[in-house]
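In the working numbering, the protein residues as written are 3 to 273.
Presented below is the structure to which this report refers.
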């Protein structure tokens with residue numbers, strides 16, 4: 003089993019130079035809002051570092067995340083069955099565009115998630131707070147750890163929990179996509195837990211992909227935030243699809259989940 007994937011999208015190759023932007027006054031307001039959100043994030047980290055009960059920690063993070071979306075000017079549109087912590091086990095799998103994806107999904111179907119521990123995308127300072135939220139870390143440079151990671155996710159599902167992951171293995175710009183790799187689906191097979199496919203899109207007011215939202219290639223959080231603050235008319239569209247029973251093996255589940263996600267069109271998410 004493998005999980006590591008080499009990214010094929012890049013900022014230079016994928017982010018459109020004609021993306022609509024806000025005026026200087028609104029940009030200044032957004033910068034101020036983001037600055038306030040970053041201060042709130044540091045306070046959130048400090049709170050999580052003291053080890054509150056997971057349910058409290060997740061509620062605090064969700065509160066902050068909603069505020070961050072507001073600061074960036076991102077609207078959210080959701081379709082499909084929403085859930086709570088008490089719905090029973092399921093493996094939630096989605097296409098991957100941005101680091102926002104997991105937070106968006108968990109606003110409506112909360113669960114634990116998988117984060118890569120290699121590279122600089124997740125600073126070491128936030129590892130402890132993330133662990134307080136039940137995050138599972140995986141080092142893609144050490145594939146020998148994958149069976150242990152699958153075992154950890156299996157345990158979460160067997161314990162009645164929900165787990166959110168992104169089987170493409172890396173982010174794509176929204177106009178391109180990667181195959182759903184089967185490794186993570188083994189946890190659902192082991193636990194006999196259903197798989198819930200989810201489609202995530204970021205679109206502009208005309209319905210075209212907002213490629214500027216993608217966190218891809220050599221992006222850093224600083225450059226990404228600066229770029230996204232300037233974009234006008236972005237809506238995050240989340241579509242929760244019907245669950246798939248854990249039968250047929252991980253290859254079959256990966257293929258069926260990918261087919262479900264790819265079949266969703268933007269107009270189907272319009273209320």
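Backbone N, C-alpha and C define an ideal beta-carbon position, used for all residues, glycine too.
CB contact flag (residue i, residue j, <9 angstroms)
i: residue 198; j: residue 159; result: no
i: residue 168; j: residue 97; result: yes
i: residue 109; j: residue 64; result: yes
i: residue 24; j: residue 75; result: yes
i: residue 163; j: residue 113; result: yes
i: residue 200; j: residue 94; result: yes
i: residue 214; j: residue 174; result: no
i: residue 265; j: residue 182; result: no
i: residue 184; j: residue 248; result: no
i: residue 262; j: residue 166; result: no
Closest Cα partner of residue i within the set the options
i: residue 133; options: 57, 180 and 188; result: 57
i: residue 73; options: 41, 182 and 216; result: 41
i: residue 37; options: 25, 16, 71 and 50; result: 71
i: residue 14; options: 220, 98 and 161; result: 220
i: residue 30; options: 115, 65, 178 and 233; result: 233
i: residue 193; options: 28, 252 and 52; result: 252
i: residue 101; options: 118, 90 and 257; result: 118
i: residue 218; options: 26, 230 and 20; result: 230
i: residue 47; options: 12, 235 and 128; result: 128
i: residue 130; options: 107, 141 and 49; result: 49
i: residue 212; options: 171, 161, 77 and 224; result: 77
i: residue 209; options: 176, 92 and 34; result: 176
i: residue 260; options: 170, 228, 225 and 235; result: 170
i: residue 12; options: 228, 189, 172 and 224; result: 172
i: residue 89; options: 111, 107 and 106; result: 111
i: residue 22; options: 44, 244 and 236; result: 236
i: residue 224; options: 28, 54, 33 and 144; result: 33
Limits of the unbroken alpha helix (DSSP H) element including residue i
i: residue 46; result: 26-51
i: residue 108; result: 102-110
i: residue 80; result: Note, residue 80: premise wrong, no alpha helix (DSSP H); beta strand (DSSP E) at 77-81.
i: residue 166; result: Not the alpha helix (DSSP H): residue 166 falls in the beta strand (DSSP E), residues 164-167.
i: residue 58; result: 56-74
i: residue 229; result: 223-231
i: residue 128; result: Segment: none, residue 128 is in no alpha helix (DSSP H) and carries neither H nor E.
i: residue 189; result: 187-193
Limits of the beta strand (DSSP E) - the one that residue i falls within
i: residue 243; result: Element bounds for residue 243: n/a, residue is neither H nor E.
i: residue 116; result: 114-118
Those residues which DSSP pairs with residue i across a bridge
i: residue 199; result: 95
i: residue 138; result: 116
i: residue 13; result: In the DSSP output, where bridge partners are listed per residue, residue 13 has none listed.
i: residue 254; result: DSSP, once it has assigned bridges, lists no residue as partnering residue 254.
i: residue 211; result: 205
i: residue 151; result: Its beta-bridge partners do not exist; DSSP assigns none.
i: residue 23; result: 233
Near the ligand MN: residue i beta-carbon under 8 angstroms from a heavy atom
i: residue 30; result: This structure lacks the ligand MN, and indeed carries no ligand of any kind.
Pairs of beta-carbons, one from the region 141-161 and one from the region 198-212, closer than 8 angstroms: are there three or more?
These segments do not touch.
Does the structure place the region 77-91 close enough to the region 236-246 that three or more beta carbon pairs sit under 8 angstroms?
Contact holds: three or more Cβ-Cβ distances are below 8 angstroms.
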